[in-house]
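Protein chains in written order, with my numbering: chain A, 10 to 477; chain B, -6 to 875.
For glycine and all other residues, C-beta sits at the position ideal for the given N, C-alpha and C.
Model, not experiment: these values are computed from the prediction.
First up is the structure itself, then whatever we jot down about it.
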């Protein structure tokens, strides 16, 4: 079975619908999380200290989740109808994560410790029910009215005449699953480019050209963002920036915005971190409206490499729902190579087992409630590469040998042939540079990660399949 | 042996299919399925390319048969959504367990195919208890669309169960691109609004429920077009003050909507309540705060008016009102900011400090930059050529990369290393695939992708496409096609040669010394090559001069000519004379080849006339032996269609010298020989962006003729009547610091600023910014460009104003130059139409504030003549008071 074609049949199961209800002198926000057969954890119970702001930011999460910035006509039937956000509760924060149906936008709302005054009862990651009536009710919230919040499977009071289970079956496309996981590694490759005040960001949104789907170059000049069709020193590339309009309402509450750009590939991914006194809303945008995040950059190379069992074991053992995974600590405590640790963390991110916090530049522990260990196997190029290697389609012409004419440690390039169908593709790997004669490589170069042929050659080299 | 079912399908007899299926067991049906699926696939394939009502009869009959025999998975994969009358009978007789799923799938397919024919069958299944209501929005949207086709009221009354539940779902559903209540209402014969109101008046539908349902829908923040019906419907119910009062909280909540028309709707409702004295400021003041973040002026000003009224009646609201209004101080419109500040100041606000800083940065002018161009490294090996070729086929550019590959294949075509077939296998396969359906036309110049795929086949297999029946493309793409063909013919025979026209530097430029060396090196082969060229030319009626040579001349860099001229001293024949003339010699003898001497003349000085060449070869248009002139103009036409007059402005130009043929018509243009690319540029029209970009480097030294074509393309599509995505390519060279902005380039810049399409306007604005920065645009020249726009009645001045203002915010210098330019434009040629004048004066006012300037005296006189109370007069007064 071709792994790339496998979508996941998934059932959201809740004991009720999340709701915002009015009580005497206050409102109550009940966020219902996925129900488990043998436990119904209650993660949090308290009061939201800025109801209007938090309500608008939660609406932003809901809006991104249901957004379809691009739908090819042929995909209409396959597009995910509605997914629910994922919530991670830890000691200090609640994080809501969502991924758009079109796979091009990722959103995360971090409610910081000072956003909610209450009792944190449990830690973990699960789905949280978001529905249209709740979103509508959130839009009506005003400051001045206290808002109680409960988050958990038992957040809704069970009706006296019996439970009313809410079940919704969805098909989670493999592209969506991969993208949701891969966007974490994508963020790990981003760096801060510039910062704006809230007013500057609101002006930028107001002046954003309508319907711009292609690439643009952004720089901070004279108290505002300059948008250009050409690159210039200090500018970052950004694709499909019209999608930022989804932040219109949220922007009213923002003090500062930090903008991140990608340092790899074609460099068009961006992330926009909106800060308020008690929360951070991050929106990551894919390189183009019609592209996702999946398989970009060096992620596939990392996934293609054999796992380092020692490093992986150490990293996994350290996971305890912490908000920041300390790489230095792992390096010191376990005597590991830093690069190795970071590669294994990227692998865990691709499996949906950790998320990436841009603000702190660290991963955090959370486990996507889907069948996440299977996600990396869904990468079509990886699956294709494995098939080529397993089918003995790789033939080496030259192998990496030390070169007498180069610096010590430098090697002669590897040349190999990969048979696929009725043609052979020539792959040359020279240090960090690789090229192939396939159509994919001709079209994208290395800007979207390696093609399956380059991956196959790397896999074969690692496996020691060197026979010509 | 075909079965009875197959025969029925082939005969297109749906009724027989239904009868044959009726008594079958599920096992029998499944046994029939494979053959019927195969038959359906064959029918679909056979009828490709045919049209007409009978065309799909067999397919729909086959689809019916498949739906009566196959599994649902098979049905979904092969049935292309035709709804046959018999589908209800077929499925009801079958009673598959997946009937509900089939219904939901069919309804979703309805959306994609924009057809609601399946709805009656699904509805019947629901009514007869065969399936529950499908859990898809299209069930209700399809119902709404079916109803609109005749009488909505009668439709609903004929199926009264719909009134209890289904009708109310329409207030819950957003709709989609194909179906929404807004769209259904707009295009329906019968209107839902009127019908629902009639039913309400008849006591069939509950009024309160309709009022509440429409507000519920608006709460969901559907996109603007789709939510519009609900607000219009609510207002069509004419709610009384008492009814509004009961719903006061809902209206106030809707002021927080992210959909501007919904906010306006809510504000109107609140204003109505306020006018009736039914509400107080205290009830409302907090709820209106989101309106002060709105981008729409009307929303902010309306809310400000409400707030002012409340404060007037209840002074204790002042501090809160000031806080609430504060966000509007960031509004993009100056008059809104001024109004809000005035309100806040009147109610106790004291700004911390007066700031006159305009947020602009100081920027020095870029000194005139020498033509520093990046050299291009040629392709050295067959391996590198294979990679570069594949890349060009996929990415179709940039032009420098395309030229590298032409050069590489021309020089290396005879080399066949030992693993050549193995190495080029993927390229060969890909090239064949690309031109699978376009092989005969691949080398004509229609498409970069096809051209390089065709060239690859010529190189790898020695094969050239057959003669094509399709005419050559319009404009200078024809010249490019001729170049590629010239190379392909030689490459197919593995005759390696250097190309004269290969750029040595980015942007299509050739260093003169390199050009001379190439001419010298190729002279030995040129006799034979010229013989072949001459033979082909005679056969085809094309120019007798190699297009490679013509192209090379047009790409000569202005620098380094003296050295090259010295080196060219020994070049023989007419070519030698032409080369020396191009490089600046005054002693060359003008020969008989017109095309050659036109190219040499333009290479010598792109902007000046050439009397020596003109004496022998009469100039036949701009860009021949004279620089020529191009004057842009509009031709205004009116047409009467169904009693309505439509105006159109056609972009045209007058040429001096005039052309012999009407280049705007294909037959006129076809009479221009391919050897005159500078003339062909004038008729360059719609083409793919990659080919458009390639044509921009045919004559990098002077693009006036090319820009003229761009003016015609943009000018005829200012309001984006057609999706001409290639047009932005005309604007891109305006960003280069070597592009002069007088003449056609300046006209094109203006048209770009006036264009509706976002990216065209964006690039034009960037070009304006770049040109002010590098000194190409001063206030005089920019004033001419803007003044020209002001003088054209059909230009949307607010669109231009917005972009010009954004450009002014780039730096202090930009603001100053643009302010002065707009002032000059207003003095020279103010817009005649009042609305346009108002927008222009508004722009000038903003610029005056930005630069802390006052209008110059000539403009002051003009401003004093503007009377009245309209926007122009208001802005004139404001400017006079500065």
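Can you list, in chain order, the residues of its chain whose CB lies under 6 Å from that of residue i, leaving out five sequence neighbours each side?
{"i": "residue 438/B", "result": "466, 470, 471, 473, 474"}
{"i": "residue 609/B", "result": "583"}
{"i": "residue 350/B", "result": "Confidence in residue 350/B is poor, its pLDDT being 48 and thus under 50, which makes the residue's placement too unreliable to answer from."}
{"i": "residue 240/A", "result": "226"}
Whose C-beta lies closer than 7 Å to the C-beta of residue i among residues of the same chain, with five residues either side of it excluded?
{"i": "residue 632/B", "result": "639"}
{"i": "residue 355/A", "result": "194, 197, 308, 311"}
{"i": "residue 442/B", "result": "386, 389, 427"}
{"i": "residue 869/B", "result": "834, 856, 859"}
Provide the residue span of the alpha helix (DSSP H) that contains residue i, from first to last.
{"i": "residue 36/B", "result": "19 to 39"}
{"i": "residue 867/B", "result": "864 to 873"}
{"i": "residue 890/B", "result": "Only positions -6 to 875 of chain B appear in this structure, which leaves residue 890/B out of reach."}
Could you pull the start and end residues of the beta strand (DSSP E) that residue i belongs to?
{"i": "residue 52/A", "result": "51 to 57"}
{"i": "residue 103/A", "result": "103 to 108"}
{"i": "residue 372/A", "result": "371 to 374"}
{"i": "residue 236/A", "result": "233 to 237"}
{"i": "residue 637/B", "result": "637 to 649"}
{"i": "residue 114/A", "result": "114 to 120"}
{"i": "residue 904/B", "result": "Only positions -6 to 875 of chain B appear in the structure, and residue 904/B is not among them; the question remains open."}
{"i": "residue 905/B", "result": "Here chain B comprises residues numbered -6 to 875, so residue 905/B is not present and cannot be evaluated."}
{"i": "residue 201/A", "result": "199 to 206"}
{"i": "residue 435/A", "result": "432 to 439"}
Evaluate residue i with the Cβ neighbour count: other Cβ atoms within 10 Å of its Cβ, from every protein chain shown; 16 or more gives buried, anything less gives exposed.
{"i": "residue 413/B", "result": "exposed"}
{"i": "residue -6/B", "result": "exposed"}
{"i": "residue 141/B", "result": "buried"}
{"i": "residue 548/B", "result": "buried"}
{"i": "residue 829/B", "result": "buried"}
{"i": "residue 104/A", "result": "buried"}
{"i": "residue 614/B", "result": "buried"}
Thinking just about the alpha-carbon of each residue, which of the options is nearest to the one in residue i?
{"i": "residue 321/B", "options": "289/B, 92/B, 311/B, 808/B", "result": "289/B"}
{"i": "residue 222/B", "options": "205/B, 186/B, 561/B, 195/B", "result": "186/B"}
{"i": "residue 319/A", "options": "445/A, 339/A, 226/A", "result": "339/A"}
{"i": "residue 418/B", "options": "452/B, 392/B, 8/B", "result": "452/B"}
{"i": "residue 569/B", "options": "513/B, 406/B, 770/B", "result": "513/B"}
{"i": "residue 353/A", "options": "310/A, 370/A, 394/A", "result": "310/A"}
{"i": "residue 197/B", "options": "214/B, 735/B, 154/B", "result": "154/B"}
{"i": "residue 161/B", "options": "172/B, 496/B, 136/B, 183/B", "result": "136/B"}
{"i": "residue 67/A", "options": "290/A, 347/A, 25/A, 434/A", "result": "290/A"}
{"i": "residue 159/B", "options": "272/B, 178/B, 132/B", "result": "132/B"}
{"i": "residue 759/B", "options": "391/B, 721/B, 331/B", "result": "721/B"}
{"i": "residue 262/B", "options": "239/B, 724/B, 602/B", "result": "239/B"}
{"i": "residue 25/A", "options": "375/A, 223/A, 42/A", "result": "42/A"}
Can you name, in chain order, every residue of its own chain whose Cβ lies under 8 Å from the Cβ of residue i, other than the five neighbours on each side?
{"i": "residue 304/B", "result": "274, 310, 311, 314, 340"}
{"i": "residue 32/A", "result": "157"}
{"i": "residue 257/B", "result": "289, 291, 292, 295"}
{"i": "residue 366/B", "result": "498, 499, 500, 502, 550"}
{"i": "residue 886/B", "result": "Because residue 886/B is not part of the residues shown, which for chain B are -6 to 875, the question remains open."}
{"i": "residue 254/B", "result": "217, 220, 221, 224"}
{"i": "residue 155/A", "result": "34, 35, 36, 56, 60"}
Thinking residue i and residue j are a contact (beta carbons under 8 Å), I'd like their distance in whole angstroms, please.
{"i": "residue 138/A", "j": "residue 23/A", "result": "5 Å"}
{"i": "residue 801/B", "j": "residue 811/B", "result": "4 Å"}
{"i": "residue 725/B", "j": "residue 679/B", "result": "Not really, about 16 Å apart at Cβ, beyond 8 Å."}
Closer than 8 Å between beta carbons: that is the criterion. Which residues of the segment 271 to 291 of chain B meet it against chain C? Within the model displayed, chain C is absent; protein chains A and B are what it includes.
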